[in-house]
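Each protein sequence line maps, in turn, to chains L and S.
Going by our numbering, the letters in the first sequence line up with residues 168 to 471, in that order.
Going by our numbering, the letters in the second sequence line up with residues 168 to 471, in that order.
Notes to accompany the following structure.
There are 2 protein chains.
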Amino acid sequence: MNTTLFADRLDAAIARAGNPCLLGLDPHLELLPEEFALARDAAAPRAARARELERFCLELIELAAGRVPAVKPQSAFFEVFGADGALAWERVVRAARSAGLLVIGDVKRGDIASTAAAYASAYLDPLPGLERESACDAITLSPWLGRDTLEPFVAACRSTGGGLFVLVRTSNPGSAQFQRAGPPHASDLVADAVRAVGEELLGASGLSSIGAVTGATHATELAALRARMPRTPLLLPGYGAQGASARDVVPAFLPRGRGALVASSRGVAFAQRSKEHAGKPWKDAARDALSAMIADLRGALTAT
Amino acid sequence: MNTTLFADRLDAAIARAGNPCLLGLDPHLELLPEEFALARDAAAPRAARARELERFCLELIELAAGRVPAVKPQSAFFEVFGADGALAWERVVRAARSAGLLVIGDVKRGDIASTAAAYASAYLDPLPGLERESACDAITLSPWLGRDTLEPFVAACRSTGGGLFVLVRTSNPGSAQFQRAGPPHASDLVADAVRAVGEELLGASGLSSIGAVTGATHATELAALRARMPRTPLLLPGYGAQGASARDVVPAFLPRGRGALVASSRGVAFAQRSKEHAGKPWKDAARDALSAMIADLRGALTAT
Numbered sequence: 168m169n170t171t172l173f174a175d176r177l178d179a180a181i182a183r184a185g186n187p188c189l190l191g192l193d194p195h196l197e198l199l200p201e202e203f204a205l206a207r208d209a210a211a212p213r214a215a216r217a218r219e220l221e222r223f224c225l226e227l228i229e230l231a232a233g234r235v236p237a238v239k240p241q242s243a244f245f246e247v248f249g250a251d252g253a254l255a256w257e258r259v260v261r262a263a264r265s266a267g268l269l270v271i272g273d274v275k276r277g278d279i280a281s282t283a284a285a286y287a288s289a290y291l292d293p294l295p296g297l298e299r300e301s302a303c304d305a306i307t308l309s310p311w312l313g314r315d316t317l318e319p320f321v322a323a324c325r326s327t328g329g330g331l332f333v334l335v336r337t338s339n340p341g342s343a344q345f346q347r348a349g350p351p352h353a354s355d356l357v358a359d360a361v362r363a364v365g366e367e368l369l370g371a372s373g374l375s376s377i378g379a380v381t382g383a384t385h386a387t388e389l390a391a392l393r394a395r396m397p398r399t400p401l402l403l404p405g406y407g408a409q410g411a412s413a414r415d416v417v418p419a420f421l422p423r424g425r426g427a428l429v430a431s432s433r434g435v436a437f438a439q440r441s442k443e444h445a446g447k448p449w450k451d452a453a454r455d456a457l458s459a460m461i462a463d464l465r466g467a468l469t470a471t
Numbered sequence: 168m169n170t171t172l173f174a175d176r177l178d179a180a181i182a183r184a185g186n187p188c189l190l191g192l193d194p195h196l197e198l199l200p201e202e203f204a205l206a207r208d209a210a211a212p213r214a215a216r217a218r219e220l221e222r223f224c225l226e227l228i229e230l231a232a233g234r235v236p237a238v239k240p241q242s243a244f245f246e247v248f249g250a251d252g253a254l255a256w257e258r259v260v261r262a263a264r265s266a267g268l269l270v271i272g273d274v275k276r277g278d279i280a281s282t283a284a285a286y287a288s289a290y291l292d293p294l295p296g297l298e299r300e301s302a303c304d305a306i307t308l309s310p311w312l313g314r315d316t317l318e319p320f321v322a323a324c325r326s327t328g329g330g331l332f333v334l335v336r337t338s339n340p341g342s343a344q345f346q347r348a349g350p351p352h353a354s355d356l357v358a359d360a361v362r363a364v365g366e367e368l369l370g371a372s373g374l375s376s377i378g379a380v381t382g383a384t385h386a387t388e389l390a391a392l393r394a395r396m397p398r399t400p401l402l403l404p405g406y407g408a409q410g411a412s413a414r415d416v417v418p419a420f421l422p423r424g425r426g427a428l429v430a431s432s433r434g435v436a437f438a439q440r441s442k443e444h445a446g447k448p449w450k451d452a453a454r455d456a457l458s459a460m461i462a463d464l465r466g467a468l469t470a471t
C-alpha cells in the first residue's frame, strides 16, 4: 500500500522531472526494431518471443528513468503472447517502478460489481501473498458500463493509494460517435461522474487520484474539459504521431505545468522509423525524440 | 482458422443443445466452494492458487459439455493471478473447446487501431507458431471508443471465422447513465453500428458473427433492441441472480429459440450458496441449477 495518494505522487513526479511526458511502452510486434526481430519469428518459442517485448521495454525504461515522470505500458501487446506475455508485463511494471517511474497500466478494463473489483485487484491491489511490485500506480478504465462500475475501482484506489484515468474523450478519429451522443453528451456525463467520484480522493496537492483521458487531438474541447474537471489529472494521448502539437495541449494544464500528462508512444519508441531520425540506431533515435518532446512541451508550457 | 463463421457455429450449437444457456465460468475467489479454498490461501504459491481456478472451471466444463451450447470464461478472475492466471485461462479455453463447447471470452476489451488489432490477435487469432487451441470462438467488446475501433476486431473475425459480442446495453443498475445519454441514445447508436458492421459477416443461418450484449434486466427494451438488430446474436446477462426471468428474455429471441444466448454465472456455478440448493455438494447443486435453468428457458421459449 502506498501511503501517499496517487494524486500527490503524480504531482511530485511531474515537478521533479520538470516535464509532463508520459512515455508509452507499446511493444508493437510489427514495429519493433530489427534488434528484437526474434519476437516476430513464428518458429521461436512463445516465451522467447515475449522476452523480446520485455527487453525492448526495459531499454525504454532506461531511457525514461530520471527524465520523465511516468511510463504507460500497453497491455494489448503483451496479451498477444498469452501467459508468457503476462509474465513480461509483470517484469516490465516491476522494472519501471524500481527505476523510480510511475506506472500507468493502459489496460482499459471495465466491468460490473465483483468483476470490476477483481480487475482492480489484478492491477492495483495484489492479493495477500502476491508480489506487490507488479501493481500499477494507476490504470486506464472504460466508463461505458456506468458510474456504478467505477466504484469498485475507486474503492481499490482508496485502500491502496492507486489512481485511475477514466476514458472521457479518446484521441481516435471516430471517438465522437458514441462519446458525443446527446446532448447531454455522454462524454460530459462521464466527465461529471469522474469529477464527482474524484472528490473523495483529493490529495494535499489539490489534485484527485481519479483522472481522465482526454485526447489532445480535440484541442478545442480541452479548455472546457479542464473547466469541467478542475482537480482531475488529465492524460492526453494524441501528441505527435496522431497530430496534436505542444500548443494544443496547453489548455489542459493547471498553472506551472501541473495536472496533466502528455503521452507519446510510437513517436518516441519507434522514432527510428520517422524521416527525422532515420538512419540512427533505434535507441539513439528514441532518446533524441524524447529530448525533443520534452523541450517542445517545456517551451509551450513556459510560454503561457 | 474456422472455415464456418461463428454465426453458423453458434446457430448449430444452440439447435444441437436444444437450449440457449451460456454457462459463465467466473472463478470468483471469495465464492469458490470449500474444495477450492487453496485459491484463497495467501501462503500458497500463486501458481497453485491459479490451478484451483482452473480445476473449478474444468469441473464446470464437464457439467456443461453436451448440455449447453457455450461457456463464457470471465477474464478478470484469472487476471488476479497475473501470468499464472493467464496460463489457467488458456487451459480452460482449450479444455472447453476440446469438450465441444463454444467459448465466448468475456474480456470486454476495446482500444484504437493497431492496439485493437493486438487484442483481436490475442483472443481470436493467435500468431503463427502459437497454439490455436487457446483462441476463443468470440469475445465481448466495449464500443466506447467509437465504431472505428470495432473495425480491427471485425477484420479479425473475417479472417478467423471468430465472433464478437459488443456491449450495447449492460445488465447492471447504473448502465443507463452513459448508455442512454441522448437522444439519440448512445446505446442506439452502438446498436446501429453493430448491425451495420455485422452485415459484412452474415452466415448461411442468416445470423451475423457480430453480436451484441443486451442485459436481460431491461426486459422492456429487448423487443426494440431485437428489432434494431434483426440478424444480430444477442447475449443476455442478468438472468437469475440479477433478477431477470425466462419470460423476460423471450422477446430477444428469433423464432424457434434461435439467435440469443442467456448467461448465468453465479446462479449455476455457486448454486450451493442459494437457499434452494444449500446442503448439496457444490457440483450437485450446480448440476441441478443448470438443469432447472435449461428447463425454465425451454418452457418459456416453447410457450411463445
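Yeah, the Cβ is synthetic: ideal placement off N, Cα and C, and Gly gets one too.
Considering only C-alpha positions, which residue in the set the options is nearest to residue i?
i      : options                        : result
W256/L : A322/L, L334/L, C303/L         : C303/L
T214/L : T282/S, V274/S, G296/S         : The residue you asked about is not Thr; residue 214/L is Ala in the sequence shown. Looking at the Cα atoms, G296/S is the closest of the given residues.
P236/S : E229/S, V247/S, I181/S         : I181/S
P422/S : A467/S, E366/S, G407/S, A348/S : A467/S
L294/S : L374/L, T316/L, A206/L         : A206/L
L374/L : L331/L, A263/L, H195/L, A283/L : L331/L
R234/L : S458/L, L312/L, H352/L, L464/L : S458/L
G114/S : W311/L, A386/L, I306/L, Q344/L : Absent from the structure is residue 114/S, since the part of chain S shown begins at 168 and ends at 471.
R222/L : A209/L, D193/L, D178/L         : D193/L
T282/S : S326/L, R440/L, N339/L         : N339/L
D451/L : A363/L, A436/L, A323/L         : A436/L
L473/S : R465/S, Q346/S, L190/S, G329/S : Shown here, chain S extends from 168 to 471; a query on residue 473/S therefore has no answer.
K275/L : S242/L, G267/L, S288/L         : S242/L
L198/L : P400/L, S265/L, P187/L, E219/L : E219/L
I461/S : L230/S, E366/S, T171/S, G349/S : L230/S
Y502/L : L464/L, D178/L, F420/L, G424/L : The question about residue 502/L has no answer, for chain L in this structure spans 168 to 471.
L225/L : A323/L, P212/L, L268/L         : L268/L
L392/S : A358/S, T171/S, D415/S         : A358/S
F320/S : S432/S, K442/S, L291/S, T399/S : L291/S
I377/L : V361/L, A390/L, A184/L         : V361/L
P310/L : L356/L, A348/L, A253/L         : L356/L
S342/S : S342/L, D278/L, S372/L         : D278/L
My guess is that residue i and residue j are in contact by the Cβ rule of under 8 Å, so how many angstroms apart are they, rounded?
i      : j      : result
A383/S : V429/S : 7 Å
A174/L : L403/L : Not confirmed; about 17 Å, so no contact.
A250/L : A250/S : 5 Å
L308/S : L334/S : 7 Å
A419/S : T381/S : 6 Å
R261/L : S301/L : 5 Å
Step through the CB atoms of chain L and report whether any lies within less than 8 Å of the CB of residue i.
i      : result
K257/S : The amino acid occupying residue 257/S in the given sequence is Glu; Lys does not appear at that position. Cβ-Cβ to chain L under 8 Å: yes for E257/S.
R264/S : no
L220/S : no
L356/S : yes
T282/S : yes
I271/S : no
A363/S : no
P448/S : no
G267/S : no
A353/S : yes
Closer than 8 Å, CB to CB, is residue i near chain S or not?
i      : result
Y286/L : yes
A253/L : yes
D278/L : yes
G466/L : no
A462/L : no
A289/L : yes
At a CB distance below 8 Å, what residues from the stretch 316-347 of chain S approach chain L? Give them in sequence order. Correct list: T316, L334, T337, S338, N339, P340, G341, S342, A343, Q344, F345, Q346.
Suppose only complete runs of 3+ residues qualify. What are the beta strand (DSSP E) ranges in the stretch 407-445 of chain L, listed by chain order? The stretch 407-445 of chain L contains these whole beta strand (DSSP E) runs: 427-431.
Give, in chain order, every residue of the stretch 369-399 of chain S whose Cβ lies closer than 7 Å to some Cβ of chain L. Those would be none; no residue qualifies.
With 9 Å as the limit, tell me which residues of the stretch 232-251 of chain S have their beta carbon closer than that to any beta carbon of chain L; keep them in chain order. Listed by position along the chain: Q241, S242, A243, F244, F245, E246, V247, F248, G249, A250, D251.
Quick one: which residues of the stretch 295-316 of chain L get their C-beta closer than 7 Å to a C-beta of chain S? List them in chain order. P295, G296, L297, S301, S309, P310, W311, L312, G313, R314, D315, T316: these are the residues of the stretch 295-316 of chain L whose beta carbon lies less than 7 Å from some beta carbon of chain S, given in chain order.
Continuous beta strand (DSSP E) assignments of at least 3 residues falling wholly in the stretch 198-229 of chain S: Whole beta strand (DSSP E) segments, 3+ residues: zero.
Of all the beta strand (DSSP E) runs that stay within the bounds of the stretch 229-272 of chain S, which reach a length of 3 or more residues? Runs of the beta strand (DSSP E) inside the stretch 229-272 of chain S: 237-240.
Of the residues that make up the stretch 181-214 of chain L, which ones have a beta carbon closer than 9 Å to any beta carbon in chain S? Taking a C-beta cut-off of 9 Å against chain S, the contacting residues of the stretch 181-214 of chain L are D193, H195, L196, E197, L198, R207, D208, A209, A210, A211, P212, R213, listed in chain order.
Taking beta-carbon pairs under 7 Å, can you tell me which members of the stretch 427-445 of chain S lie near chain L? For chain L, none of the residues of the stretch 427-445 of chain S brings a beta carbon within less than 7 Å of one of its beta carbons.
Report the residue ranges of all alpha helix (DSSP H) runs contained in full by the stretch 380-408 of chain S; include only those spanning at least 4 residues, in chain order. Within the stretch 380-408 of chain S, the runs of alpha helix (DSSP H) that reach at least 4 residues and sit entirely inside it are, in chain order, 386-395.
Cβ-based contacts, 7 Å cut-off: residues of the stretch 399-428 of chain L near chain S: Within the stretch 399-428 of chain L, no residue has a Cβ lying closer than 7 Å to any Cβ of chain S.
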